[in-house]
Amino acid sequence: MSPLVSVIIPTYNCRKYVLSAVDSVLRQSMPDLEVIVVDDASTDGTAALLADVDDDRLTVIRSDVNLGPAGARNLALTHAGGAFVAFQDSDDIWVSTKLEKQICEYESAKSRDSTEVVIYSSAEIIDEDGRSLGNLWDPSFQKQGDIFQALLVRNFVPCQSVLVKRLLIQEVGGFEASMRYAEDYLLWLTLARRYRFYCVFEPLVRYRVHSGSLTSARFPMRAGHVEALRRIGGELNDRRERR
Numbered sequence: 029m030s031p032l033v034s035v036i037i038p039t040y041n042c043r044k045y046v047l048s049a050v051d052s053v054l055r056q057s058m059p060d061l062e063v064i065v066v067d068d069a070s071t072d073g074t075a076a077l078l079a080d081v082d083d084d085r086l087t088v089i090r091s092d093v094n095l096g097p098a099g100a101r102n103l104a105l106t107h108a109g110g111a112f113v114a115f116q117d118s119d120d121i122w123v124s125t126k127l128e129k130q131i132c133e134y135e136s137a138k139s140r141d142s143t144e145v146v147i148y149s150s151a152e153i154i155d156e157d158g159r160s161l162g163n164l165w166d167p168s169f170q171k172q173g174d175i176f177q178a179l180l181v182r183n184f185v186p187c188q189s190v191l192v193k194r195l196l197i198q199e200v201g202g203f204e205a206s207m208r209y210a211e212d213y214l215l216w217l218t219l220a221r222r223y224r225f226y227c228v229f230e231p232l233v234r235y236r237v238h239s240g241s242l243t244s245a246r247f248p249m250r251a252g253h254v255e256a257l258r259r260i261g262g263e264l265n266d267r268r269e270r271r
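The opening position of the sequence shown corresponds to residue 29 in the numbering used here, with each subsequent residue numbered one higher.
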């Protein structure tokens, strides 16, 4: 029988934190899930650590070449069997009720919205040792419903917080594998053009900031955001020209 949720975790040389990330998913109060970890050509012993995890819900896929976050998530999506997909990063932590609360929010949103919806949540920033550094975003930045215009201004949807029907991800072709930064931003923009987003205004994700995290590379991340906007703008222009 297929699980309700497939949780996808790409990891690359994150031995220090990966077990905490995986454990926070396996300990969810909503246990009807599978966890698919893509070891993206790690060289730090990550594979050996994951091999010791004794839980039938965990699948580890080893890539011999580094695919990057987008490519690794896309690879995991080809193995996913859940009706929903959620994304976790290998250095972050979920609170134990994350999926349970988001499934409830999905059901509530669907009761008042005729189309499919995407669910996300607030996030708390933590340091290398797990100490809280405050909210990732001011709650006033996080919008609901038709968020496309607001999302053009800033990406306030943490990838680790998203819960979405797997078919919606497949419909838009998954993550753009050529992008190493802000590939999630482009996907949220693409989905937000078609579907409404709803937020659980509670930090269900603990987003770790440390020297090895991709988000610590500020210039490439900003360049990635510009590229995402350029691509989505090109799609909009193409649509206008075809009319």
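Don't be surprised by glycine CBs; every beta carbon is placed ideally from N, CA and C.
Rank Glu230, Val145, Leu195 by C-alpha distance to the C-alpha of Leu164 and give the top, closest one. Glu230
Do you know offhand how far Trp216's Cα is from Val185's? 8 angstroms
I'd like to check one pair, Met58 with Leu127: are the Cβ atoms closer than 8 angstroms? yes
Just how far apart, CA to CA, sit Thr71 and Ala251? 27 angstroms
Please return the same chain residues whose Cβ sits closer than 8 angstroms to the Cβ of Leu32, not counting the five positions on each side in sequence. Met58, Asp60, Leu61, Gly110, Ala111, Phe112, Ile131
Can the beta-carbon of Gln170 be found less than 8 angstroms from the beta-carbon of Ser150? yes
From Arg224 to Val123, what does the alpha carbon distance come to, in whole angstroms? 24 angstroms
Inter-stretch contact at 8 angstroms, needing at least 3 Cβ pairs: the region 137–149 / the region 76–90: Counting C-beta pairs with one atom in each stretch, the region 137–149 and the region 76–90 have fewer than three that are closer than 8 angstroms, which means they do not touch.
Cβ-Cβ distance between Arg234 and Ile154 below 8 angstroms: yes
DSSP state of Ala69 mapped onto helix, strand, coil: coil
Tell me whether Glu269 sits in a helix, a strand or coil according to DSSP, three-state version. Summary for Glu269: the model assigns pLDDT 42, below 50, so the residue's position carries little reliability; its value from the coordinates is reported in the next sentence. Note: Glu269 maps to helix in three-state DSSP.
So for Leu164, helix, strand or coil by DSSP? coil
Cut-off 6 angstroms between Cβ atoms - residues of its own chain near Asp68, not counting five sequence neighbours on either side: Pro38, Tyr40, Ser91, Asn94, Leu95, Ala100
Ordered along the chain, which non-local residues of its own chain (more than five positions away) have a Cβ less than 6 angstroms from that of Leu105? Gly202
Looking only at C-alpha atoms, which of Glu133, Asp119, Ser118 sits nearest to Thr125? Glu133
Using 8 angstroms for Cβ pairs, my map puts Leu214 next to Glu204. What's the rounded Cβ distance? 5 angstroms
Identify whether Gly173 lies in helix, strand or coil by the three-state DSSP scheme. strand
So, is the C-beta of Arg224 closer than 8 angstroms to a C-beta in chain D? Here there is only one protein chain, and chain D is not present.
Output needed for Leu103: all residues of its chain with C-beta closer than 7 angstroms, excluding positions within five of it in sequence on either side, in chain order. Val66, Ile89, Ser91, Leu95
What distance in whole Å lies between the Cβ atoms of Ala49 and Glu211, which are believed to be in contact at a cut-off of 8 angstroms? Not really, about 19 angstroms apart at Cβ, beyond 8 angstroms.
Classify Ala256: buried if its beta carbon has 16 or more other beta carbons within 10 angstroms, exposed otherwise. buried
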